[in-house]
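Take 53 as the starting number for the sequence shown in the working numbering and just add one per residue.
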Amino acid sequence: MIYIHIPFCYSRCSYCAFFSTTMLEMRSLYVDALLKEYAMRQDYLPKGKKIRTIYLGGGTPSQLSNKDLARLLHVLPVDEAEEVTIEANPSDMTEAKLKAWREMGINRLSIGIQSFDEGMLAWLNRRHGSKQALKVVKLAQDLGYDNISIDLMYALPYQTMDKWKADIETAIGLGVQHISTYCLSYEPGTPLYNLREKGLARETDEELANEMYAYLCERLKQAGYVHYEVSNFALPGFESKHNSRYWDGTPYLGLGAGAHSYDGTSRQWNIDNLKKYLRDIMNGKVPFKREKLTATQQYNEQVMLGLRTSRGIEATDELLQKAQPYLATGKLRVEDGKIIATLDGINILNTIITDLMRE
Ligand code: SF4
């Protein structure tokens, strides 16, 4: 599988601490660099293995022109991939772009909607409005996209349970195949964090955030969505193939500034500085750092990733012993030889994971 990081954003969202830049004038140069990096790293993944998924993430990949995106996808093994996803901002989703993406082989959209409430979108400093979000989902569906994911955020400033319920109903009403949800976190240095520090934005208390999550899980289950990972829900058969493979520990190649790669025994990450990345790649060098994973680190990663999914982790004697207090209190359960987190357990998942890890 291949992940490509497109770090460009037209404007910055108030909560965002991800690596991204508004230097849009660098986009074509960046695609040149991605192509060069791909050529240099052909040997990274095991030879002869089919590339089954390609994921364009960001940043905002929908900020690339059709010409630049076509240059990139023309070289990547799109034909052999079953799933080719692009993360898209509703403001960029014109009919011309949506048609062109399909022709390029993109068959899955991940749309950053976050909320259908104008007030919430304003807090987040998103570029799009609610009506636009609804319009582009329908447009994409009319154009034949049948694997659409949307992102929704909760625990937003001054968001009530009723507003959250309304967002969930709108998402269900749209008939999208996949919903990813995120609990807002206030990251130091972001505008939203600064507003909260000044007392100008009220953080949702933990109890309400937990209630919002519990309601989400219940309502989406009723609506036929499978809760297959802590933050992800899909209609049967529409689980993200790409993300599911991350959680399974499948090796992947990550291209672009800030992108991570995994070869089965070590992780490496490219420098998250656009200018340095471009300069090094153009000089024939991939700027990255690597960490060889010890057996304990690999084991702990499996515990962490497995417990986030509905498939859980193998119930070995070692894990069963450590999990005992959580099994006794209903935070974990055992099914078909797997240990799986319950809804109660998900609320304290980080603590559980830490307790189940090896030292
Ligand atoms: S679009 Fe995504 S990456 Fe860009 S600023 Fe907003 S949250 Fe951050």
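Here a beta-carbon is modelled for each residue, glycine too, at the ideal position from N, C-alpha and C. Remember, predicted model here, so these are calculated numbers, not experimental data.
Could you give the first and the last residue of the continuous alpha helix (DSSP H) run that contains residue i?
i    : result
Q320 : Element bounds for Q320: not the alpha helix (DSSP H) but the beta strand (DSSP E), 318-322.
I405 : 401-408
K187 : 182-194
Y298 : 293-300
S412 : Residue 412 lies beyond the residue range present for the chain, which begins at 53 and ends at 411; the question has no answer from this structure.
L176 : 170-176
L128 : Run containing L128: none; DSSP gives neither H nor E here.
L247 : 243-249
E270 : 258-274
K152 : Note that residue 152 corresponds to Ala in the displayed sequence, not to Lys. It spans 147-155 - the alpha helix (DSSP H) in which A152 sits, taken as one unbroken run.
L330 : 326-334
Mind checking who residue i pairs with in its DSSP beta bridge?
i    : result
V282 : For V282, which the question treats as bridged, DSSP gives no partner whatsoever.
S201 : S162, H230
Y206 : C235
H57  : G109
S313 : Q320
L307 : I56
E366 : K390
T361 : E281
T73  : F60
Taking just the CA atoms, how far does residue j sit from residue i?
i    : j    : result
S232 : D219 : 13 Å
K374 : L395 : 19 Å
C65  : I103 : 33 Å
C235 : Y378 : 24 Å
R179 : D388 : 46 Å
R254 : M409 : 35 Å
Y96  : S296 : 20 Å
L226 : A275 : 12 Å
E258 : K327 : 40 Å
A393 : S318 : 27 Å
Y107 : S362 : 22 Å
P209 : Y238 : 10 Å
V34  : Y277 : Here the chain covers residues 53 to 411 and nothing more, so residue 34 does not appear.
Q349 : E281 : 21 Å
F340 : D194 : 42 Å
K293 : I54  : 12 Å
L359 : R385 : 11 Å
A85  : K119 : 15 Å
G241 : F71  : 13 Å
T403 : K383 : 11 Å
Q354 : L76  : 38 Å
L121 : D300 : 29 Å
Q211 : H126 : 43 Å
Y304 : L244 : 33 Å
E263 : Y82  : 43 Å
G308 : L357 : 24 Å
C68  : M145 : 21 Å
E270 : E155 : 37 Å
S201 : P288 : 13 Å
K390 : D369 : 11 Å
F60  : T73  : 5 Å
K88  : D214 : 50 Å
Y351 : A266 : 29 Å
Y314 : L176 : 32 Å
Q376 : Q229 : 36 Å
Y62  : L372 : 49 Å
K101 : V130 : 14 Å
K217 : M78  : 40 Å
I405 : A367 : 14 Å
L161 : L150 : 10 Å
Using 8 Å for Cβ pairs, my map puts residue i next to residue j. What's the rounded Cβ distance?
i    : j    : result
L204 : A223 : 6 Å
L272 : F285 : 5 Å
I158 : P142 : About 16 Å separates the two Cβ atoms, so there is no contact after all.
G316 : H57  : Not really, about 21 Å apart at Cβ, beyond 8 Å.
Which two residues bound the contiguous beta strand (DSSP E) that contains residue i?
i    : result
E139 : 135-140
V386 : 384-387
K390 : 390-393
K341 : 340-344
Sorry if obvious, but does the Cβ on residue i come closer than 7 Å to a heavy atom of ligand 3?
i    : result
N141 : Of the ligands one can find in the structure shown, namely ligand 1, none is ligand 3.
Q: Count the CB pairs spanning the region 130-138 and the region 104-114 that are closer than 8 Å, and state whether there are at least three.
A: At 8 Å Cβ cutoff, the stretches touch.
Q: Report yes or no: do the region 166-173 and the region 200-215 share at least 3 C-beta pairs separated by less than 8 Å?
A: yes
Q: Would you check if there are 3 or more beta carbon pairs closer than 8 Å linking the region 322-340 to the region 395-404?
A: no
Q. Contact between the region 327-337 and the region 82-95: three or more CB pairs below 8 Å?
A. yes
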